[in-house]
Amino acid sequence: MGSPTTLTKREWQVAELVSEGLTNRAVADKLVIAPRTSQGRVEHVLTKLGFTSRAQIAAWGVEQSTRQQPQSS
309 MGSPTTLTKR EWQVAELVSE GLTNRAVADK LVIAPRTSQG RVEHVLTKLG FTSRAQIAAW
369 GVEQSTRQQP QSS
């Protein structure tokens with residue numbers, strides 16, 4: 309599985325939005341980019357992380373956000 313450092317800032321943003329369940333069009337609207345650009349960014353994220361589906365991006369995003377939250381004692 310890829311590490312978060314392999315993604316650009318924009319790809320990270322796209323991955324987070326995909327993790328929230330947004331479509332390519334919704335991601336494009338949110339980031340003020342063309343839908344085709346959004347689709348390309350999603351494809352780059354899939355390739356860089358070695359995934360084949362948006363569901364894998366979503367699961368990875370949840371895992372990453374869980375790792376970044378401080379642990380309570």
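In this text, residue positions in the sequence shown follow this note's numbering: the first is 309, and each later residue adds one.
The C-beta atom is built at its ideal place from N, Cα and C for all residues, glycine as well.
Suppose you measure from the CA of residue i to the CA of residue j; what does that come to, to the nearest Å?
i	j	result
N332	Q347	6 angstroms
S361	S327	11 angstroms
A363	L325	12 angstroms
A342	R349	11 angstroms
Under three-state DSSP, which class holds residue i?
i	result
L330	coil
I341	coil
T316	coil
G369	helix
S361	coil
Cβ atoms of residue j and residue i: under 8 angstroms apart, would you say?
i	j	result
A334	T345	no
L330	A323	no
V353	E319	yes
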